[in-house]
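J.: Each residue of the sequence shown is one higher than the one before, starting from 0 at the first, in numbering that gives the first Met the number 0. Every residue, glycine too, gets a C-beta built ideally from N, C-alpha and C. Once you've had a glance at the structure underneath, I'll fire off some questions.
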Amino acid sequence: MLPVKHDMTAYQGEYITLTIGCDSVINAEDVFACVRRYSWDDEILGRFVITNSEQSLSDGEKSKLNLALDTNSIDSGTYFWDLFKWVGNRPVKCLVEGKVVIKQGISNRGK
């Protein structure tokens with residue numbers, strides 16, 4: 000099964016928030032998501048804060064995850080992100096992947 004594709008756009012300084020429904024029970028401690036300039040880069044530009052959601056489950060869902068990313072320290076540009084399930088110290092399954100576009104705002108730089 001291929002990972003779900005999900006692209007996101009935000010203005011620099013905004014929080015990106017996302018709730019993901021899962022068809023299996025997944026604990027927030029067992030997943031990791033980050034942003035990199037290129038998929039092959041070692042440098043992590045931003046890490047998502049991941050928690051288990053308290054929202055009601057929809058049909059077919061066994062759990063939900065809340066993801067949040069502060070874009071304040073990420074320059075405008077196009078980046079790549081993904082969400083991986085980990086077992087021990089190794090990734091075992093990519094659940095979601097996509098691009099993050101960070102735009103430069105006009106009125107968000109001060110008044």
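Within 10 Å of its beta-carbon, does Val91 have 16 or more other beta-carbons around it, so buried, or fewer, so exposed?
T.: exposed
J.: CB-CB under 6 Å to Asp6, same chain, minus the five flanking residues each way: which ones, in chain order?
T.: Gly97, Lys98
J.: May I ask you to list the residues that DSSP assigns as paired with Asp69?
T.: Tyr14
J.: Could you please give me the residues that DSSP links to Trp85 through a beta bridge?
T.: Pro90
J.: Alpha carbons only, please: which of Val100, Arg89, Ala32, Asn26 is nearest the one belonging to Ala9?
T.: Val100
J.: Pick from Val86, Phe79, Asp81, Ile73: whose alpha carbon is nearest that of Gln11?
T.: Ile73
J.: Using the rule of at least 16 other Cβ atoms within 10 Å of the residue's Cβ for burial, across every protein chain shown, is Leu1 buried or exposed?
T.: exposed
J.: Between the Cα of Ser38 and those of Gly87, Glu28, Tyr78, spot the shortest distance and give me the residue it belongs to.
T.: Tyr78
J.: Ignoring anything shorter than 3 residues or poking outside the segment 25-80, list the beta strand (DSSP E) runs there in chain order.
T.: 30-35, 48-51, 62-69
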